Amino acid sequence: MPPACAGLGDIVDLEKHPLRSDAYRATCRATLDREGAVLLKDFLLPAAAAFLVDEAERLRPLAYFSEQTHTVYLEESDSTMPADDARSRAVVSTKGAVTADLIPGSSALNGLYDSPAFRSFIGDVLGEEELHRYADPLSSININYFFEGQELGWHFDNSSFAVTLLLQQAEAGGVFEYIDGMRSSADDRQNPVAVTAVLDGRSDRQVVVLGQRAGGLALFRGRDALHRVTPVVGSRARILVVLAYNVEPGLSLSENARRTFFGRLD
70 MPPACAGLGD IVDLEKHPLR SDAYRATCRA TLDREGAVLL KDFLLPAAAA
120 FLVDEAERLR PLAYFSEQTH TVYLEESDST MPADDARSRA VVSTKGAVTA
170 DLIPGSSALN GLYDSPAFRS FIGDVLGEEE LHRYADPLSS ININYFFEGQ
220 ELGWHFDNSS FAVTLLLQQA EAGGVFEYID GMRSSADDRQ NPVAVTAVLD
270 GRSDRQVVVL GQRAGGLALF RGRDALHRVT PVVGSRARIL VVLAYNVEPG
320 LSLSENARRT FFGRLD
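The structure is reproduced here in structure tokens:
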């Protein structure tokens with residue numbers, strides 16, 4: 070059982086993923102820059118992976134389940150637009166979340182999240198000089214649960230990057246799909262015509278399946294990549310850990326987001 074005080078080598082397969090290697094970091098960075106995502110398969114050692122699945126199952130009764138209706142831009146529907154336009158069309162996202170304050174301090178998730186070597190690796194690959202824990206007690210680490218029929222609808226992220234660890238795959242469905250470069254948030258080009266075509270199922274843009282399997286770590290740039298998680302099929306839940314960092318210290322997730330996703334502020 071790998072506690073938080075265990076070394077990184079008790080949690081991560083450092084032979085497959087030499088996180089301190091400059092060459093390995095450069096390879097991961099190049100993949101992320103080229104494809105918008107980088108997937109590190111079998112990131113967790115088998116014993117650590119099994120322990121974290123068991124821990125997630127024990128914590129599952131504490132999960133807060135929410136269902137949100139939103140546009141792909143994570144905004145309220147724009148009633149001035151046609152009903153089938155991406156800026157007005159509603160999509161649904163639903164999942165359960167166990168927040169950081171409910172995860173035992175002894176958990177290997179805390180050990181991984183706070184590991185200087187892990188944080189240095191993530192920052193280097195993302196091109197961020199510093200990564201910081203959220204100031205609020207809920208948001209830094211979340212365990213997300215997707216049961217049968219639950220999904221994340223097509224959307225763009227507000228944050229520039231995401232770091233996720235898949236603990237358990239669903240029997241079927243629960244597939245992460247994305248289309249890179251679907252908008253340019255930097256100059257506010259939202260590309261609604263092309264995005265609407267994706268929602269209609271008539272787009273010729275390539276949909277990439279990330280292919281994340283249990284024990285795999287993914288780094289993803291979702292601000293300008295349209296993405297979703299397809300509905301889960303079967304009785305086995307999809308369990309995903311979100312390791313959330315800020316590039317500036319002292320920042321909290323917005324109160325509205327905390328109420329929506331966690332059902333409370335602290």
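Here the sequence shown is numbered in the numbering used here, starting from 70 and rising by one per residue.
By construction, the Cβ of each residue, glycine as well, lies at the ideal position given by its N, Cα and C atoms.
Here the structure is a predicted model, which is why all the values come from computation and not from measurement.
Using the three-state DSSP reduction, which class does residue i fall into: helix, strand or coil?
i, result
"N179", "helix"
"G222", "strand"
"R297", "strand"
"V122", "helix"
Any idea which residues DSSP pairs residue i with across the strands?
i, result
"H139", "V160"
"Q237", "I308"
"F289", "A106, A231"
"R258", "S253"
"V302", "A241"
"H201", "N315"
"A166", "Y133, N213"
"L113", "V81"
Taking the alpha carbon of residue i as the reference point, which residue from the options has its own alpha carbon closest?
i, options, result
"R297", "Y142, E199, K110", "Y142"
"A106", "H86, T138, R274, T233", "T233"
"T138", "V194, L221, D102", "L221"
"L334", "T168, S90, A255, I210", "T168"
"N325", "A152, E144, R282", "E144"
"I308", "D79, A119, D102", "A119"
"I210", "S184, P185, L178, G243", "L178"
"F230", "A283, A204, L200, A239", "L200"
"L113", "E197, L171, E84", "E84"
"G336", "L131, L295, T140, V81", "Lying before the first or after the last residue shown, residue 336 is absent from the chain, which here runs from 70 to 335."
"Y247", "E136, E240, R94, D226", "D226"
"F215", "R89, Y133, L322, H86", "Y133"
Straight-line CA distance for residue i to residue j?
i, j, result
"D147", "G218", "27 Å"
"T96", "D123", "33 Å"
"A159", "R292", "19 Å"
"N213", "F331", "11 Å"
"A263", "L288", "25 Å"
"Q275", "D249", "9 Å"
"K164", "L171", "17 Å"
"G243", "V301", "5 Å"
"E198", "S162", "32 Å"
Note the first and the last residue of the continuous alpha helix (DSSP H) segment covering residue i.
i, result
"L268", "261-269"
"F216", "Where F216 is concerned, there is no enclosing alpha helix (DSSP H), given that its DSSP letter is neither H nor E."
"I191", "185-195"
Does the beta carbon of residue i sit closer than 8 Å to a beta carbon anywhere in chain D?
i, result
"K85", "The structure shown contains no chain D; it is built from a single protein chain."
I need the boundaries of the beta strand (DSSP E) containing residue i, first residue and last residue.
i, result
"L322", "Taken as a continuous stretch (DSSP letters only), L322 belongs to no beta strand (DSSP E), as it is neither H nor E."
"F245", "245-248"
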